[in-house]
Amino acid sequence: MKYIYGPVPSRRLGRSLGIDPIPSKTCDYQCIYCQLGKTTNFTSERKNFYPLEEIYEEIEQSINKNKGEFDYITFVGSGEPTLCKSLGKLILKAKEISKKPICVITNGSLLYQDDVKDDLIFSDVILPTLDAGDEKLFIKINRPHPSIKYEKIIQGYIDFRKEFSGKFWIEIMVMKGINDSKEELMKIKEKIDLIKPDRIDINVPIRPPTESWVKIPDQNIIPILNDVFGEYNNINFPEQGTFSVFGSNFEKELKTLLERHPMRLEQITETFSSKTVNEQDLLDQLNTLASQNKIKKVIYNNQTFWKLSN
Ligand code: SF4
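Quick note: the sequence shown uses this note's numbering, first residue 71, plus one each step.
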């Protein structure tokens with residue numbers, strides 16, 4: 071599969087079947103916390119990157135193969151999914167084949183555009199990002215394409231929220247010394263009050279970020295978050311549950327997952343050891359791929375992660 075991955079475990083979405091219509095690191099942001107590495111195709115222009123028929127075919131195959139053993143179909147992946155010009159057609163295709171809810175995880179930068187709103191209106195859940203309460207911090211954290219303006223994004227959220235009948239869940243990435251002061255969090259809350267999402271998820275950078283100086287906030291942030299956001303959905307923890315793979319080619323399947331999702335060693339072991347190789351063989355294969363510079367080991371927050379080598 072080139073465009074579909076998982077199902078993968080997700081803290082918010084249970085088991086999520088991922089659809090990725092965007093080439094690796096094609097994005098209009100260059101977030102300091104991005105777990106996928108540096109943005110290599112920095113663009114805000116929407117287009118079709120791949121033949122739609124190929125994606126349709128994989129959507130159909132994967133939905134049939136997984137026989138409903140997933141909770142959500144999620145458009146997400148290795149770039150910003152709303153940059154796909156035919157996202158709406160893909161959403162409708164998935165809805166035609168499956169009754170599972172459709173979710174789009176987006177940075178929200180293009181939500182102010184009518185064509186993007188039209189594409190997203192048929193989904194069931196939208197998870198846009200809001201990491202900063204003003205333009206200055208937005209530029210520091212998300213490092214957007216010059217065509218993307220903060221106030222336009224906020225207005226886009228406010229307007230879309232009113233039109234959209236599905237669930238609108240905002241995600242905030244909170245990072246130590248960057249946006250974790252009460253003052254900065256209050257500024258974000260002011261925007262949240264205007265947008266009125268159904269829910270807020272507070273994330274911390276649990277996987278290795280693009281910039282090594284990005285850190286998880288101290289535990290004493292929790293009362294401040296409680297104070298500012300009141301009823302929010304808690305700080306996220308490493309996800310539980312198993313990943314799924316389609317085929318038996320270890321290297322191909324591992325790269326498909328790592329392209330979208332750096333994995334802890336125990337997640338790789340759990341996903342692959344019973345399928346094609348035992349644990350020692352698996353470690354040997356990981357080390358071989360690392361010596362060929364195809365993947366790399368990263369220690370972050372006292373945990374070992376494997377990522378694709380950029
Ligand atoms: S975190 Fe998302 S929005 Fe930010 S650079 Fe990475 S892919 Fe783009």
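Glycine residues also receive a C-beta, built at the ideal position from the N, C-alpha and C atoms. These numbers come from a predicted model, not from an experiment.
query = Quick one: what's got a C-beta closer than 7 Å to LYS105's C-beta in the same chain, skipping five residues either side?
reply = According to the sequence shown, residue 105 is Gln rather than Lys. So the list reads ARG277, PRO278, PRO279 and PRO332, once near-sequence residues are dropped.
ask   = Of all the options GLU323, GLU253 and ARG269, which has the alpha carbon lying nearest to the alpha carbon of ILE291?
value = GLU253
query = Would the beta-carbon of LYS155 fall within 9 Å of that of ASN212?
reply = no
At least 3 beta-carbon pairs within less than 8 Å: the segment 144–151 vs the segment 165–177 = yes
request  = In the DSSP assignment, find the alpha helix (DSSP H) that holds ILE224 and state where it starts and stops.
outcome  = 220–233
key: DSSP state of SER361 mapped onto helix, strand, coil   = helix
message = With three or more beta-carbon pairs closer than 8 Å as the criterion, would you say the segment 247–266 touches the segment 215–232?
response = yes
inquiry  = Going by C-alpha to C-alpha distance, which of LEU353, SER379 and GLU349 sits closest to SER363?
reply    = Correcting the residue identity first, residue 363 is Asn in this sequence and not Ser. Ranking LEU353, SER379 and GLU349 by Cα distance to ASN363 puts SER379 first.
query = Comparing the CB of GLU150 with every heavy atom of the ligand SF4, is any distance shorter than 8 Å?
reply = yes
key: Distance between ILE365 and ASN357 (C-alpha atoms, nearest Å)   = 9 Å
ask   = Counting along the chain, where does the beta strand (DSSP E) carrying ILE74 start and finish?
value = 74–80
inquiry  = DSSP three-state label for SER379, please.
reply    = coil
query = Can you tell me whether DSSP reads LYS135 as helix, strand or coil?
reply = helix
key: Limits of the alpha helix (DSSP H) - the one that VAL298 falls within   = 291–299
key: N- and C-terminal bounds of the alpha helix (DSSP H) containing ILE161   = 157–167
ask   = To which residues of the same chain is ASN111 closer than 6 Å at the C-beta, ignoring the five residues directly before and after it?
value = THR96
key: Strand pairing of GLY88, partner residues [DSSP]   = TYR75 and THR144
CA nearest to the CA of PHE320, picked from THR339, GLU166 and ASP98 = THR339
inquiry  = Using only the alpha-carbon positions, how far apart do ASP354 and THR109 sit?
reply    = 31 Å
message = Can you list, in chain order, the residues of its chain with a C-beta nearer than 6 Å to that of MET243? Leave out the 5 residues immediately preceding and following it.
response = TYR103, ASP201 and ASN273
PHE112 - partner residues in DSSP beta bridges = CYS97
key: Spatial distance of ASP288 from ILE223 (CA atoms)   = 29 Å
ask   = Helix or strand or just coil, what does DSSP make of VAL284?
value = coil
query = Rounded to a whole number of angstroms, what is the C-alpha to C-alpha distance between PRO151 and ILE161?
reply = 11 Å
request  = Between the Cα of LYS187 and those of ASN348, SER132 and PHE238, spot the shortest distance and give me the residue it belongs to.
outcome  = PHE238
request  = Could you name the residues that DSSP lists as bridge partners for CYS173?
outcome  = THR144 and VAL195
inquiry  = When you measure from the CB of LYS219 to every non-hydrogen atom of the ligand SF4, does any distance come out below 8 Å?
reply    = no
key: Heavy atom of the ligand SF4 within 8 Å of LYS95 beta-carbon   = yes
inquiry  = Report the CB separation of LYS257 from PHE299 in whole angstroms; it is logged as a contact under 8 Å.
reply    = That belief does not hold up - the Cβ atoms of LYS257 and PHE299 are roughly 12 Å apart, past 8 Å.
query = With DSSP run on the structure shown, which of helix, strand or coil describes TYR370?
reply = strand
key: Residue span of the beta strand (DSSP E) that contains ILE240, given as start and end   = 237–243
request  = Find out if the Cβ-Cβ distance for the pair TYR75, LEU327 is shorter than 9 Å.
outcome  = yes
request  = Report back the beta-carbon spacing between TYR73 and ASP98 to the nearest angstrom; my notes put them in contact at under 8 Å.
outcome  = Not a contact, Cβ separation roughly 20 Å.
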